[in-house]
Amino acid sequence: MRWSHCLAQLCFSACVLLVPFAAQAATEDDPWESINRPIFTFNDTVDTYALKPLAQGYQYVTPQFLEDGIHNMFRNIGDVGNLANNVLQAKPAAAGVDTARLIFNTTFGLLGFFDVGTHMGLQRSDEDFGQTLGYWGVGSGPYVMLPLLGPSTLRDAPAKLVDDYTAPYRYIDNVSVRNSIFGLNIVDTRASLLSAEKLVSGDKYVFIRNAFLQNREFKVKDGQVEDDF
């Protein structure tokens, strides 16, 4: 799931949070811009002519309640990774909430189709191994644009390999089932980001880079980001 989530972010996923900060300069964090920009252009082209049309078609033919349910199911699977990383970050309270969400959503929520956990006041975490490394003091390093996988950093890019172990696809033996679920997750995630496009302004590469870096800092520091103004 983590891999497909990054794939769907290849254009603007980080724009959803902390948009007011996106205008800030981040060139000192992007020494490899001459390499990153062509990769971004490639990713953007793939998104424009493949992922986005698929997401729009999926959203058009899928009833809203079904789309929401499918999205909830993938988020429920993602809570496994959230739980693992909250344990690694020594956050017992957050790990307890993740555990409760998994139990209630998987049982009463019919494998996560209904997000009963949120309705019970159990707020969802959004953790990954890159954030775990950052939590324990590992610096982000330079900004990196990965082919197909989208925005990342020198710290977060290899951390995706660890996150992959919490994704369900690795443990599904049936190839057709595995690929079908994997593809649906990508399309569903991309569809959930369609409404964020209107937030992008100016130089798309710069906007996404700055929004991504600000978003990662926000997450690593659990929202405790100092205001420079």
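If you count by mature numbering (1 follows the signal peptide of the UniProt record, and there is no 0), then the sequence shown holds residues -25 to -1, 1 to 204, one letter each, in order.
Beta carbons: idealized from backbone N, C-alpha and C, even for Gly.
Just so we're clear, the structure is a prediction, and the values are computed from it rather than from any experiment.
Tell me the DSSP secondary structure of residue i in three-state form.
| i | result |
| --- | --- |
| T20 | helix |
| A(-3) | Reliability of the predicted coordinates at A(-3) is poor, the pLDDT of 41 falling under 50, and the value obtained from them is presented with this limitation in mind. Correct three-state label for A(-3): coil. |
| L41 | helix |
| V175 | coil |
| K135 | helix |
| Q31 | helix |
| K66 | coil |
| G53 | helix |
| N47 | helix |
| D4 | helix |
| L58 | helix |
| N154 | helix |
| I14 | helix |
| Q199 | coil |
| N185 | helix |
| L169 | helix |
| I161 | helix |
For the putative contact between residue i and residue j, defined by C-beta atoms under 8 angstroms, what is the C-beta separation to the nearest angstrom?
| i | j | result |
| --- | --- | --- |
| R50 | G87 | 7 angstroms |
| G56 | E3 | Not a contact, Cβ separation roughly 31 angstroms. |
| G125 | N18 | 6 angstroms |
| L169 | A68 | The pair is not a contact, with the Cβ atoms about 34 angstroms apart (cut-off 8 angstroms). |
| G109 | S115 | 7 angstroms |
| I14 | P143 | Wrong, their Cβ atoms sit about 28 angstroms apart, outside the cutoff. |
Considering only C-alpha positions, which residue in the set the options is nearest to residue i?
| i | options | result |
| --- | --- | --- |
| N11 | Q39, D54, P117 | P117 |
| S167 | E42, S9, D5 | E42 |
| P6 | N80, V152, T128, V175 | T128 |
| G96 | Q34, R76, Y144, G53 | R76 |
| K98 | L58, Q189, N190, V175 | A small fix is needed here, since residue 98 is Gln in this sequence, not Lys. Comparing Cα-Cα distances from Q98 to each of L58, Q189, N190, V175, the minimum goes to L58. |
| T141 | S9, L188, D54 | D54 |
Considering only heavy atoms of the ligand SAM, does any lie closer than 7 angstroms to the CB of residue i?
| i | result |
| --- | --- |
| F157 | The ligand SAM is absent from the structure shown, which contains no ligand whatsoever. |
query = Between the region 176 to 183 and the region 46 to 65, do at least 3 Cβ pairs fall closer than 8 angstroms?
reply = no
ask   = Are three or more beta carbon pairs between the region 53 to 65 and the region 17 to 29 nearer than 8 angstroms?
value = no
ask   = Which whole runs of the beta strand (DSSP E) in the region 69 to 129 are 3 residues long or more, in chain order?
value = 118 to 121, 125 to 128
Cβ pair count under 8 angstroms reaching 3, the region 157 to 173 against the region 127 to 136 = no
task = Would you check if the region 69 to 89 and the region 150 to 161 touch, i.e. whether three or more CB-CB distances between them fall below 8 angstroms?
result = no
task = Would you check if there are 3 or more beta carbon pairs closer than 8 angstroms linking the region 77 to 91 to the region 102 to 122?
result = no
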